[in-house]
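Colleague: Quick one: the structure is below, questions incoming.
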Amino acid sequence: MESLRDIAGIVVVTAALLIYGVLQERIVTIGFGRDAEVFEHSIFLVLCNRLVTCAMALAYLMITHTAVAPAAPLSSYAAVSCTNVIATACQYEALRYVSFAVQTLAKSAKALPVMLWSMVYMRKRYKLSEFVHATTITLGCSVFILTGAVRSRVADKTVGDAAGAAVGAELGMSSDSALVLIGGGLMLLYLCVDGLTSTWQDSMFRGYPVSVCDQVLYTTSCSMVLSLIGCIATHQLLPAVAFLTRNPEAVWWILALSASSALVQLVISWTIKRYGAVVFATIMTTRQFFSILLSSVVFMTPLTLGQWGGTLLVFGAIYYKAAQKCQEVKEHQAAKEEDSIERLAPELERKSGADHKELKEPLLGLVEARGGDDEKHLEKLDKLRDVV
1160 MESLRDIAGI VVVTAALLIY GVLQERIVTI GFGRDAEVFE HSIFLVLCNR LVTCAMALAY
1220 LMITHTAVAP AAPLSSYAAV SCTNVIATAC QYEALRYVSF AVQTLAKSAK ALPVMLWSMV
1280 YMRKRYKLSE FVHATTITLG CSVFILTGAV RSRVADKTVG DAAGAAVGAE LGMSSDSALV
1340 LIGGGLMLLY LCVDGLTSTW QDSMFRGYPV SVCDQVLYTT SCSMVLSLIG CIATHQLLPA
1400 VAFLTRNPEA VWWILALSAS SALVQLVISW TIKRYGAVVF ATIMTTRQFF SILLSSVVFM
1460 TPLTLGQWGG TLLVFGAIYY KAAQKCQEVK EHQAAKEEDS IERLAPELER KSGADHKELK
1520 EPLLGLVEAR GGDDEKHLEK LDKLRDVV
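FYI, in our numbering the residues of the sequence shown are 1160 to 1547.
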């Protein structure tokens, strides 16, 4: 039953993220109204998302009569919310310059530059296999960019086209190359701060008795304040309201996006709390691949054969690395358990009686958990049972 619950939870997480991706692309890249006017106010979208999420979390806490007081320092919530707002805004903004597929793949391409900079400034060393993995991902992204269209479908309708032309003229490159550079820069910033978001959330759950709704409520409350300040500072608030007045259809799309964003915030926090940041990262990788596939079908933006090859190269390398890491974690855990058994078994044999029950039971549980068909551990289990 527990396994079925875990599978169902992971399916819900992935589905929620896929729906969120489709709605995000619809709002940012397809125009509204008779003139196909494009919505360009990224921070306003973040504000709407966080407002709905905060309301849903507060309603849940009140309905369930759960304590509303923060379980962690407000500075911890504020740190998570700050990086979350920046990451989300960068993600929306990048779609004005590059296609959804490029935006999605860019999330996977940071490994090689990070490793190179770490070697230069931190004198860090990496295994050859790590270089092969990072190079394969970078190669896959390069193949994708070089074998098909990467330009955002709304670049010529927004500031993206003018920015691409200006940057291209300044650096002596084509407008499309400049758009990729700008979109890639936004996604690089996204990767930096989004990685901090997941790590800090994981740390908060480990360090404090924080529930999922508690974390979501206070994090999104801080995000709501930061987004409002950002909207006012960048002069997006009034133009966004005016846009919605001219195009009331957009209100329903933004409400749908905000509702899906609220669900995503809840399932992300639940996933990190239950499984940790590493498992969440693997789920995100799965979602990214299917997001590209779904976007290609829903918005009729087919990828070339070369782009599919690049996509498979990227995600194949990521999953291979994830499998390696999973095996390393299992081996490390097995070594720790083996050490515990070898260290405690002699002491257990020397001692007997009810006074040492607290030592026997954890050790038996440890060996039983390792049981299976491993004859070595079955022998240990029989031996320890005799002693007990």
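Even for Gly, the Cβ is constructed at its ideal location relative to N, Cα and C.
Predicted, not measured: the structure shown is a model, and the values here were computed from it.
In this structure, does DSSP put Glu1196 in helix, strand or coil?
Modeller: Looking at Glu1196 - three-state DSSP - the assignment turns out to be strand.
Colleague: Could you name the residues that DSSP lists as bridge partners for Val1257?
Modeller: In DSSP, Val1257 forms a bridge with Arg1310.
Colleague: Figure out for me which residue from Leu1210, Val1352, Gly1465 has the closest Cα to the Cα of Cys1249.
Modeller: Nearest option by C-alpha distance: Val1352.
Colleague: Helix, strand or coil for Phe1458? Go by DSSP, reduced to three states.
Modeller: Three-state result, Phe1458: coil.
Colleague: For Gly1180, count neighbouring Cβ atoms within 10 angstroms of its own Cβ and tell me buried if that reaches 16, exposed if not.
Modeller: The residue is buried, with at least 16 neighbouring Cβ atoms inside 10 Å.
Colleague: Pairing CB atoms from the segment 1224–1238 with CB atoms from the segment 1338–1349, are three or more of them under 8 Å?
Modeller: Verdict: no, contact absent.
Colleague: When you compare each of Ala1174, Glu1196, Glu1184, Ala1175 to Thr1404 by their alpha carbons, which one comes out closest?
Modeller: With distances taken between Cα atoms, Thr1404 lies closest to Glu1196.
Colleague: Looking only at DSSP bridge pairs, what is Phe1191 linked to?
Modeller: Paired residue(s): Glu1196.
Colleague: At the level of alpha carbons, what is the spacing between Thr1430 and Gln1360?
Modeller: So the alpha carbons of these two residues sit roughly 11 Å apart.
Colleague: What's the gap between the Cα of Thr1188 and the Cα of Arg1255?
Modeller: Cα to Cα, Thr1188 sits roughly 7 Å from Arg1255.
Colleague: Using three-state DSSP, classify Pro1398 as helix, strand or coil.
Modeller: Correct three-state label for Pro1398: helix.
Colleague: For Met1459, does the count of other Cβ atoms within 10 angstroms reach 16, so buried, or fall short, so exposed?
Modeller: It is exposed - the Cβ of Met1459 has fewer than 16 other Cβ atoms within 10 Å.
Colleague: Go ahead and pull the three-state DSSP assignment for Val1227.
Modeller: Of the three classes helix, strand and coil, the one that applies to Val1227 here is coil, per DSSP.
Colleague: For the ligand SAH, is there any heavy atom lying closer than 7 Å to the beta carbon of Ala1195?
Modeller: Among the ligands in the structure shown, none appear at all, so the ligand SAH cannot be discussed.
Colleague: Could you check what DSSP says for Val1371 in three-state terms: helix, strand or coil?
Modeller: Three-state result, Val1371: helix.
Colleague: Using 10 angstroms around the beta-carbon of Lys1480, count the other beta-carbons present and answer buried if the total reaches 16, otherwise exposed.
Modeller: Per the 10 Å Cβ criterion, buried.
Colleague: Pick helix, strand or coil for Tyr1285, following the three-state DSSP scheme.
Modeller: In this structure, Tyr1285 counts as coil in the three-state DSSP scheme.
Colleague: Note down, in chain order, each residue of its chain lying with its Cβ closer than 7 Å to the Cβ of Asn1406, except the 5 sequence neighbours on either side.
Modeller: Answer for Asn1406: Phe1191, Gly1192, Glu1196, listed in chain order.
Colleague: Buried or exposed: Asp1194, going by 16 or more other Cβ atoms within 10 Å of its Cβ?
Modeller: Asp1194 is exposed by the Cβ-count criterion.
Colleague: Using a threshold of 8 Å, state whether the C-beta atoms of Val1211 and Ala1418 are closer than that.
Modeller: In this structure, Ala1418 lies closer than 8 Å to Val1211 by Cβ.
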